[in-house]
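A short worksheet on the structure shown next.
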Amino acid sequence: MHELSIACNLVEIVEEAARAAGAVRVTRVRLRLGDLAGVMEDALRFSFPVAAQGTLAEGAELAIERVPVRVFCTQCNADRTLTPPFVYRCPECGASRLQLLQGRELQVESIEIEENHNETAHP
Amino acid sequence: MKPRILELRKAVLDKNDEIARTLRARFEAAGVFVVNLVSSPGAGKTALLEETMRRMVERHWRVAAIVGDLATENDARRLARSGAPVRQIETGGLCHLEAELVARRLEGWALEELDFLFIENVGNLVCPSDYDLGEALRVVLFSTTEGEDKPNKYPPMFYSADVVVLTKMDLAAATDFDYAGAVANVRTVAPHAVLLETSARTGEGLDRWIEFLVARHWEAATATSAAPAR
Ligand SMILES: [Zn+2]
Numbered sequence: 001m002h003e004l005s006i007a008c009n010l011v012e013i014v015e016e017a018a019r020a021a022g023a024v025r026v027t028r029v030r031l032r033l034g035d036l037a038g039v040m041e042d043a044l045r046f047s048f049p050v051a052a053q054g055t056l057a058e059g060a061e062l063a064i065e066r067v068p069v070r071v072f073c074t075q076c077n078a079d080r081t082l083t084p085p086f087v088y089r090c091p092e093c094g095a096s097r098l099q100l101l102q103g104r105e106l107q108v109e110s111i112e113i114e115e116n117h118n119e120t121a122h123p
Numbered sequence: 001m002k003p004r005i006l007e008l009r010k011a012v013l014d015k016n017d018e019i020a021r022t023l024r025a026r027f028e029a030a031g032v033f034v035v036n037l038v039s040s041p042g043a044g045k046t047a048l049l050e051e052t053m054r055r056m057v058e059r060h061w062r063v064a065a066i067v068g069d070l071a072t073e074n075d076a077r078r079l080a081r082s083g084a085p086v087r088q089i090e091t092g093g094l095c096h097l098e099a100e101l102v103a104r105r106l107e108g109w110a111l112e113e114l115d116f117l118f119i120e121n122v123g124n125l126v127c128p129s130d131y132d133l134g135e136a137l138r139v140v141l142f143s144t145t146e147g148e149d150k151p152n153k154y155p156p157m158f159y160s161a162d163v164v165v166l167t168k169m170d171l172a173a174a175t176d177f178d179y180a181g182a183v184a185n186v187r188t189v190a191p192h193a194v195l196l197e198t199s200a201r202t203g204e205g206l207d208r209w210i211e212f213l214v215a216r217h218w219e220a221a222t223a224t225s226a227a228p229a230r
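Here it is as C-alpha cells:
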C-alpha cells in the first residue's frame with residue numbers, strides 16, 4: 001500500500017514547514033487530490049494518522065479536496081470533465097486529441113498551526 | 001487560540017520528483033537510455049526482460065538492470081543469466097521503487113559505459129504510477145492471462161505509460177483472451193501509448209520490441225546532442 005509512503009512524505013513536508021514557522025502543533029492539513037493521481041483516498045486517510053504519530057502533525061485533521069479530471073478538447077475547443085474509468089476521450093465529440101488540464105494533483109495546499117507564544121499569552 | 005494558516009502549495013512527492021530530475025539529467029549526460037518496467041506480479045516482466053537482455057547482449061549492446069524485489073532474489077538471479085550486470089534493490093516491503101533508492105543503488109556504476117539500463121519495478125499496478133525514477137521510457141506490461149479489462153482497472157498507471165506491452169501472446173488462444181477488446185481498452189485509457197505484443201517463450205515480437213527501444217534510444221541521443229540544456 002503506497003498510501004503509507006505518500007502519507008510519510010506528506011507528514012515530512014508538513015512538519016518541516018510547521019517547524020520553520022515555530023509551530024507547536026499542526027491542527028489541519030489541506031490536500032488537493034486529483035482523481036487520476038493514483039491514490040486511494042480511504043487508504044490515505046487511514047495512513048495519515050499512522051505517519052503523523054509522534055510528529056507535530058499528530059492528531060491533525062486531514063482535509064482532502066478532490067480534483068476532478070478536466071481536459072481541453074481540441075476538436076470542440078472546450079473544456080470537458082471526464083468521469084471514471086477516465087477513458088481518454090472527449091465525452092461530447094469522442095475525439096482523443098485532448099490536453100489534460102487537471103486531475104493528477106497530489107499537493108499540500110495549506111496547514112493550520114498553533115504557535116508557542118499564543119499558548120503563553122492565554123494561560 | 002486562533003490557529004494560523006500557512007499556505008504551502010507543494011507537491012507531496014516533490015522530493016522524489018526532484019531526485020528523479022537529477023537522475024534524468026545524469027542519465028542523459030551519460031547517454032544511457034533508462035526504461036522503467038511496471039506490471040502486476042506474474043505478468044512476465046522478468047521473463048521478457050531476461051530474453052530482451054540476452055538478445056541485446058548478443059548484439060553487443062551494453063545493457064544492465066536494476067531489480068526491485070519484495071523478498072526473494074530470484075528475479076535478479078534470472079536476469080543475470082543474460083550475461084548483463086544486474087543489481088537488486090531490496091525494497092523491504094515497499095510496493096514501489098523510489099528515485100532515492102535507484103540513486104543509491106547506482107553508486108559505483110559507470111553509467112557512461114552503458115547504452116541501456118532497465119529498471120524492473122516492484123510487481124504492482126497502483127503504487128509505481130506516482131513515482132518518477134528519472135526514466136526515459138515507462139513501459140507497462142500486461143499479460144494475456146490477466147484479462148482484457150486490465151487498463152480500465154488501473155487508469156492512472158496506464159495513463160502514465162509511454163509504451164504498453166502485451167505479454168504471453170502465445171497463451172492468448174488458450175486463455176480466450178479478447179485481443180480486440182484489449183487493444184480497444186489500451187487505446188481508450190492510454191491513446192498516446194505505443195502498443196507492442198510479445199511472447200518471451202516463442203520469441204514473438206521480441207525483435208520488434210528491441211528495434212523500438214533502439215530507435216527511441218537514438219531519438220533521445222540525437223535530441224540531447226541537439227539541445228543539451230533542458
Ligand atoms: Zn470534443
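Protein chains in written order, with this note's numbering: chain A, 1 to 123; chain B, 1 to 230.
Note that the Cβ used here is the ideal one computed from N, Cα and C, for glycine as well.
Treat the numbers as computed from the prediction; the structure is a model and nothing was measured.
Taking C-beta atoms as the reference points, M157 (chain B) and V35 (chain B) fail to come closer than 8 Å. Interface criterion met: the Cβ of N9 (chain A) is under 8 Å from a Cβ in chain B. Taking one beta carbon from each stretch, the segment 53 to 65 of chain A and the segment 23 to 43 of chain A have 3 or more pairs nearer than 8 Å; the two touch. Interface flag for V50 (chain A) against chain B is unset, since no Cβ pair is found closer than 8 Å. In the three-state DSSP reduction, L206 (chain B) falls in the helix class (H, G or I). Contact check for L49 (chain B) against L13 (chain B) fails: the beta carbons are separated by 8 Å or more. Y154 (chain B) is a Cβ neighbour of V126 (chain B), given a cutoff of 8 Å. A65 (chain B) sits away from F27 (chain B), with the two beta carbons spaced by 8 Å or more.
In this structure I111 (chain A) is in contact with V14 (chain A), their Cβ atoms being roughly 5 Å apart against a cut-off of 8 Å.
Annotation for G181 (chain B): the continuous alpha helix (DSSP H) segment containing it runs Y179 to V189. Put simply, of A:Y88, A:R104, A:I6 and A:S47 the residue whose alpha carbon is nearest the alpha carbon of A193 (chain B) is A:Y88. Within the chosen limit of 7 Å, ligand 1 reaches the beta carbon of Q75 (chain A) through at least one heavy atom. Taking 8 Å as the cut-off, the beta carbon of V108 (chain A) is found no closer than this to the beta carbon of K15 (chain B).
Per the coordinates, the alpha-carbon of R105 (chain B) lies some 40 Å from the alpha-carbon of D178 (chain B).
Not one heavy atom of ligand 1 lies closer than 7 Å to the C-beta of A30 (chain B). At a cut-off of 8 Å, the C-beta of I64 (chain A) has no neighbouring C-beta in chain B.
Interface with chain B (8 Å Cβ-Cβ cutoff): P68 (chain A) is excluded.
Within chain B, the residues whose beta carbon sits less than 9 Å from that of P85 (chain A) are P151, N152, K153, P155, T188 and V189, listed in sequence order. When only Cα atoms are considered, D207 (chain B) and D170 (chain B) end up about 16 Å apart.
Annotation: A20 (chain A) to A29 (chain B) spans about 36 Å, alpha carbon to alpha carbon. With respect to the C-alpha of V165 (chain B), the residue from B:F212, B:W218, B:R24 and B:A174 having the closest C-alpha is B:F212. When beta bridges are read from the DSSP output, A23 (chain A) appears opposite A:E115.
Taken in chain order, the unbroken stretches of beta strand (DSSP E) that lie wholly in the segment 71 to 111 of chain B and span 3 residues or more are 86 to 90. Taking a C-beta distance under 8 Å as the contact criterion, R104 (chain A) and G34 (chain A) qualify as a contact pair. Distances from the CB of E92 (chain A) to the heavy atoms of ligand 1 include at least one below 7 Å. In this structure, DSSP gives R62 (chain B) a state outside helix and strand, which the three-state scheme calls coil.
Shortest gap from the CB of A95 (chain A) to any heavy atom of ligand 1: under 7 Å. In the structure shown, V32 (chain B) falls within a coil segment according to DSSP collapsed to helix, strand and coil.
For A95 (chain A), there is no enclosing alpha helix (DSSP H), since its DSSP letter is neither H nor E. Looking only at A:F46, A:T81, A:I6 and A:E16, the smallest Cα-Cα distance to Q102 (chain A) is reached by A:T81. Contact between V57 (chain B) and S82 (chain B) holds, since their C-beta atoms are separated by about 6 Å, short of 8 Å. Taken in chain order, the complete alpha helix (DSSP H) segments of 4 residues or longer contained in the segment 120 to 159 of chain B are 150 to 153 and 155 to 159. Remark: C-beta atoms of L196 (chain B) and G203 (chain B) do not approach each other more closely than 8 Å.
Between S47 (chain A) and chain B, the shortest Cβ-Cβ separation is not below 8 Å.
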